[in-house]
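Q:
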Amino acid sequence: MSQALSARFGLAVRQLRDAQGWSQEELALRADLNRSYLGEIERGCVMPSLATVAKLAQALDVSLPGLLVRCEMLQQAVPSRGMAV
Numbered sequence: 001m002s003q004a005l006s007a008r009f010g011l012a013v014r015q016l017r018d019a020q021g022w023s024q025e026e027l028a029l030r031a032d033l034n035r036s037y038l039g040e041i042e043r044g045c046v047m048p049s050l051a052t053v054a055k056l057a058q059a060l061d062v063s064l065p066g067l068l069v070r071c072e073m074l075q076q077a078v079p080s081r082g083m084a085v
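Numbering of the sequence shown is given in the UniProt record's numbering, commencing with residue 1 and proceeding in unit increments.
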């Protein structure tokens with residue numbers, strides 16, 4: 001479950017970054033993160049701390065709850081493996 005959550009969170013961050021027209025480097029700079037770490041977040045390889053999630057939300061100009069809701073919406077949009085569509 002946590003791997004799926006990491007993947008959805010990463011996708012939400014990437015979608016918001018793309019909507020801003022920013023590179024990973026630009027978002028990393030704005031959020032005070034290492035660009036390679038941001039790449040790991042977007043690929044769902046790591047689950048960031050709450051402090052990092054807050055930095056990303058602020059840099060992306062969304063509320064922390066708004067970022068988490070977007071992640072939840074992605075869960076509802078993508079059926080789990082093994083479930084019929």
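Just so it is clear, CB atoms sit at the ideal spot from N, CA and C, and this is done for glycine as well.
Taking the alpha helix (DSSP H) that Arg17 belongs to, which residues open and close that run?
A: What you label residue 17 is simply residue 17 of the sequence shown in a count that begins at 1. Arg17 -> alpha helix (DSSP H) spans 2–20.
Q: Cys71: buried (16+ other C-beta within 10 angstroms of its C-beta) or exposed?
A: Residue mapping note: residue 71 aligns to position 71 of the sequence shown, counting from 1. Classification of Cys71: buried, given that the 10 Å Cβ count is 16 or more.
Q: Taking 8 Å as the line, does the beta carbon of Glu40 fall inside it for any heavy atom of the ligand GTP?
A: Absence of the ligand GTP is noted for the structure shown, with no ligands found whatsoever.
Q: Would a C-beta distance cut-off of 9 Å place Ala19 and Gln75 closer than the cut-off?
A: Here residue 19 corresponds to residue number 19 of the sequence shown, with the count starting at 1. Here residue 75 corresponds to residue number 75 of the sequence shown, with the count starting at 1. Not in contact: Ala19 and Gln75 (Cβ atoms no closer than 9 Å).
Q: Straight-line CA distance for Ala51 to Ala77?
A: Start at 1 with the first residue of the sequence shown, and residue 51 comes out as number 51. Start at 1 with the first residue of the sequence shown, and residue 77 comes out as number 77. Distance between the alpha carbons of Ala51 and Ala77: 27 Å.
Q: Taking contact to mean at least 3 C-beta pairs separated by less than 8 Å, is the stretch 9–26 in contact with the stretch 36–55?
A: Yes, the stretch 9–26 is in contact with the stretch 36–55.
Q: Beta carbon of Leu38, beta carbon of Gln24: below 9 Å?
A: On the sequence shown, residue 38 is found 38 positions in, with the first residue counted as 1. On the sequence shown, residue 24 is found 24 positions in, with the first residue counted as 1. Cβ atoms of Leu38 and Gln24: closer than 9 Å.
Q: Rounded to the nearest angstrom, what separates Leu27 and Met73 at their Cα positions?
A: Counted from its first residue, the sequence shown places residue 27 at position 27. Counted from its first residue, the sequence shown places residue 73 at position 73. One C-alpha to the other measures close to 22 Å.
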